[in-house]
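Heads up, the thing below is written out as structure tokens.
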Amino acid sequence: MKLIIKNMVCDRCIKVVRDLLNTKDILFIKVELGCVHLSQDMNAGKVEKLNELLKVEGFEILKDKEQQIVEGVKFTVVSEVRGYTNRTPVQSFQEILSHDLKINYSKISRLFSQVEGKSIERFVILQKIERAKELMTYNELTMSEIAYELNYSSPQHLSKQFKQVTGFSPTEFRGIASREKLDNI
Numbered sequence: 007m008k009l010i011i012k013n014m015v016c017d018r019c020i021k022v023v024r025d026l027l028n029t030k031d032i033l034f035i036k037v038e039l040g041c042v043h044l045s046q047d048m049n050a051g052k053v054e055k056l057n058e059l060l061k062v063e064g065f066e067i068l069k070d071k072e073q074q075i076v077e078g079v080k081f082t083v084v085s086e087v088r089g090y091t092n093r094t095p096v097q098s099f100q101e102i103l104s105h106d107l108k109i110n111y112s113k114i115s116r117l118f119s120q121v122e123g124k125s126i127e128r129f130v131i132l133q134k135i136e137r138a139k140e141l142m143t144y145n146e147l148t149m150s151e152i153a154y155e156l157n158y159s160s161p162q163h164l165s166k167q168f169k170q171v172t173g174f175s176p177t178e179f180r181g182i183a184s185r186e187k188l189d190n191i
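Using my numbering, you'd call the opening residue of the sequence shown number 7 and step up by one each time.
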């Protein structure tokens with residue numbers, strides 16, 4: 007049984023959910039961004055009890071198909087931007103999302119925009135900029151290396167988008183180094 011979980015966007019979230027499942031002796035195969043694969047089916051009552059426990063931690067089991075698709079977009083994009091997958095970087099987000107969600111991209115895009123109030127492309131840019139901010143905060147990589155890691159065509163392209171989103175050049179940002187929590191984006 008697969009459960010789609012809202013707001014599960016980082017490694018810390020996975021740990022919290024995994025710990026919760028373990029403390030409640032709920033058998034699972036794996037916990038990954040945005041979903042839990044249970045070892046066995048649960049009846050509606052048990053799913054609702056689990057949902058109440060998850061809500062205490064800031065998560066929620068999504069039952070609505072459209073919400074599941076939107077959340078699928080989010081955790082796919084976050085996984086790609088943060089390098090949690092081993093895909094070839096030449097694949098576009100359109101190809102990746104259509105493949106992973108097994109839905110036509112135009113339908114995914116339209117639904118995401120309606121529900122989130124921003125395009126998938128904008129969401130991808132915001133995720134990439136947050137990742138760039140994180141990498142710049144560590145001060146271990148050059149802008150060229152960061153641009154390469156985030157699949158930008160050039161450091162200049164990253165710098166231009168960075169300035170548009172944050173209002174700061176990357177150099178200015180390195181001086182102030184503040185980041186938004188991933189689950190607030």
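Don't be surprised by glycine CBs; every beta carbon is placed ideally from N, CA and C.
Might you give, ordered along the chain, the residues of its own chain that have their beta carbon closer than 6 Å to the beta carbon of residue i, omitting 5 neighbours on each side?
i, result
"Lys134", "Val87 and Leu156"
"Gly78", "Leu107"
Within this structure, are the beta carbons of residue i and residue j separated by less than 8 Å?
i, j, result
"Ser175", "Lys169", "yes"
"Ile10", "Gly51", "no"
"Glu122", "Val76", "yes"
"Lys80", "Val15", "yes"
Hey, how far is the Cα of residue i from the Cα of residue j?
i, j, result
"Val23", "Leu60", "7 Å"
"Thr91", "Glu72", "24 Å"
"Ile182", "Val84", "24 Å"
"Leu132", "Gln97", "19 Å"
"Ser125", "Thr148", "29 Å"
"Lys12", "Phe99", "21 Å"
"Gln74", "Tyr158", "29 Å"
Give every residue of the same chain whose Cβ lies closer than 7 Å to the Cβ of residue i, excluding the five residues on either side of it in the sequence, and list them in chain order.
i, result
"Phe34", "Leu27, Val42, His43, Leu44 and Ser45"
Hey, quick one: how far does the beta strand (DSSP E) through residue i stretch, first residue to last?
i, result
"Lys36", "Phe34 to Glu38"
"Lys30", "Note, Lys30: premise wrong, no beta strand (DSSP E); not H, not E."
"Glu66", "Glu66 to Leu68"
Using a Cβ-Cβ cut-off of 8 Å (strictly less than) and excluding sequence neighbours within five positions of residue i, which residues of its own chain qualify?
i, result
"Asn57", "Glu66 and Ile67"
Tell me where the alpha helix (DSSP H) around residue i begins and ends.
i, result
"Lys61", "Ala50 to Val62"
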